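Residue numbers (my numbering): 96 to 847.
Structure (structure tokens):
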């Protein structure tokens, strides 16, 4: 067993002491009813006893957990309680949860994102469960007058085997809640786990299938009005004037006005990012009435000059500020492509240099050089942006989908003129859009609208609003070069990549550390198009480019693609170059070896074309093999085999579901995803024009194999996404004989 020291008081020990890496306070458990479907409803206790800020145990043994983080569809509402239940040694069927409001003083950091929920919660949740269990043991020891060391637990029951005494947790809860928090608690041996590592179904499935109000867009309250906004039609435009003479007289319309969501004196943080801060608003009784009035509103726009604003020096607005700028102009995809070609030929900012790559390239017998590009991508959330707000003179209440309430509350406080403690944010279940919900401009907009109309308001975006007002995955370009000597051996490697408006280069990732002469450069081009987090930010593109290039390089060297990668990883493992390599070469090689075995890599069925890809991000390792067939020049991925090393897998069902979703998402974006611009206007604004993968295009089979080890859990929601792009590209090459360098691949396929 592992001993963990606890040194804080009973009520706040989880908040103050159980810190995860990087100072992150634990992200606690997530469930609404952990009992399997079909069982009778839990009977509520007559009295609850609070063990700490997060855990209550009822007098009948039912356990309630307060979930500080919003559920995002990644199933943390099931997997994280499993960690707590394991150490608390409780009956899985005796657990329920309540969604906590945003309350940082009580719950610490309430943030969902970066595939970090399980990773950051692992140690805190284990410690929390073990501590509560130890307090129950001490309570029983006192009542039974026996040594605590002689008491064991099993499925919410305390046992003293020599005397035959036993008691349910509920019987000891009132006494345990008064016991001082133990300074040392014992964690279970991983080999003794019974719940963690098993498969548990999503505890919210029944509510989702029954259409119960789980999402912000479902929220209703008495006296609530509906609001919609009219943003500029193009990035680089701003509000000039409007004619509301027709719209304001339409049925159900209560008010039409303009607002400035972020005024010039506000110090913004990273997640305040938005290009449109002044726009028209229509408020009325119903969604339909407001939508019709919005269509009748005549708004005139003008081109916006370069805009300067104050930005905090950290993700959260700090005392130190910098000036940030949005350039002027109406940007187009054609212009973006021209600029990126220009920048790719110029020297970039050197991020890493090992050895003497310049000399190695000069002396090379052969140089392989390839350039890869990818377009802007939209999130396409199933649930469009929305937020409920009720702002009065002395308080504000908000409810809606948001990943990072802690990053928006400071801006809300500045904009509304209210202290933070007077602002209550209630966390809704989020309807998709990994990364999109991190940005809280819809909370600002809803709050300012409510403040102006002096009424509760629900702000609702249309699908067109959602897709044309940002936030987007940036457009990127990457050029890879490899130098080969007279013996066809790799002697130097060079990556130079950038984008609008950021570089995707992760300079210390593979193949850095595996090649004596290595150079990584980055560049970026400013833009007024709002970009932000997307599933596996930056990795989703750079993995595609890197793994496509390695595949072509392997062929140039006459090597099997998997063997070639394993050779490089063997060098990185036994004799690494540099000290900053941020991956474990042995674990990286492990997923490649596993996928080679499970896919039967060299036994390709007739008519099937295979591609492989592997990548490390969010602390996890994933390798994927795609089996693709061609039907009338149309590609169809029939099967995917994935090998994943994400440490201990808490919930096999949940982890498998996330992998399957990420893989399908990656295939769809690789083949079809793109959002072009013309004169600042997004050229696609709904699912009728923005091509997504369809149900009949999803792979018939996705096999997910997890590496078995006792490493602490790492990221799962994002790591399976990046490898899918290159696996598809490499399979397409084997199907067509042509390499695919520009996403979406369907465009290049049409030209063959």
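Glycine included, C-beta positions come from ideal geometry on N, C-alpha and C.
If you're wondering where the values come from, they're calculated on a predicted model, not measured in any experiment.
By the criterion of at least three beta-carbon pairs nearer than 8 Å, the segment 437 to 452 is not in contact with the segment 497 to 506.
In terms of Cα proximity to residue 440, the closest of 785, 573, 177 and 711 is 573.
When secondary structure is reduced to three states using DSSP, residue 502 falls in the helix class. The beta carbon of residue 455 sits closer than 6 Å to those of 578, 586, 587 and 612, all from its chain and outside the five residues before and after it, given in chain order. Exclusion of the five residues before and after residue 653 leaves 583 as the residues of its chain whose Cβ lies within less than 8 Å of its Cβ. For residue 403, the closest alpha carbon among the candidates 419, 555, 563 and 230 is that of 419. Residue range 536 to 548 is occupied by the alpha helix (DSSP H) that includes residue 545. About 33 Å separates the beta carbons of residue 421 and residue 714, which is beyond the 8 Å limit, so they are not a contact pair. Inside the segment 244 to 300, DSSP marks whole beta strand (DSSP E) runs of 3 or more residues at positions 247 to 249, 252 to 255, 260 to 263 and 279 to 282, from first to last along the chain. Annotated three-state conformation of residue 675 is coil, per DSSP. Rounded to the nearest whole angstrom, the C-alpha separation of residue 631 and residue 692 is 27 Å. In the three-state scheme derived from DSSP, where H, G and I count as helix and E and B as strand, residue 157 is classed as coil.
Between residue 821 and residue 642, the beta carbon gap of about 3 Å places them in contact (Cβ cut-off 8 Å). Cα atoms of residue 482 and residue 818: separation of roughly 34 Å, rounded to the nearest angstrom.
DSSP assignment within the segment 321 to 359 yields the following whole beta strand (DSSP E) runs of 3 residues or more, N-terminal first: 332 to 338 and 348 to 355. Here residue 613 is bridged, per DSSP, to 449 and 588.
In the three-state DSSP reduction, residue 375 falls in the strand class (E or B). For residue 146, the secondary structure class from DSSP, reduced to helix, strand or coil, is coil. For residue 509, no pairing in a beta bridge is given by DSSP. Residue 361 and residue 513 have their C-alpha atoms spaced approximately 13 Å apart. Judged by DSSP in its simplified three-state form, residue 696 adopts coil rather than helix or strand. The beta carbons of residue 720 and residue 705 sit closer together than 9 Å.
If you draw a straight line from the Cα of residue 710 to the Cα of residue 450, it comes to about 24 Å. Residue 277 is positioned such that its CB atom lies no closer than 9 Å to that of residue 353. Counted as a single uninterrupted DSSP element, the alpha helix (DSSP H) harbouring residue 764 occupies residues 747 to 767. A straight-line Cα-Cα distance of about 60 Å links residue 340 and residue 830. Looking at the backbone, the Cα of residue 334 and that of residue 395 are separated by about 7 Å.
For residue 395, DSSP records a beta bridge to 336.
The secondary-structure analysis by DSSP pairs residue 741 with nothing; it has no beta-bridge partner. Annotation for residue 174: the continuous alpha helix (DSSP H) segment containing it runs 171 to 183. Shown here for residue 679: not one same chain residue has a beta carbon closer than 6 Å to its own, the five before and five after excluded. Counting C-beta pairs closer than 8 Å gives three or more between the segment 526 to 544 and the segment 489 to 504, which meets the contact rule. Going by DSSP, residue 797 is part of the beta strand (DSSP E) stretching over 796 to 801. Using a 10 angstroms sphere on the CB of residue 784, the tally of other CB atoms stays under 16, which defines it as exposed. Put simply, the backbone Cα of residue 380 is about 30 Å away from that of residue 473.
Annotation for residue 486: the continuous beta strand (DSSP E) segment containing it runs 481 to 486.
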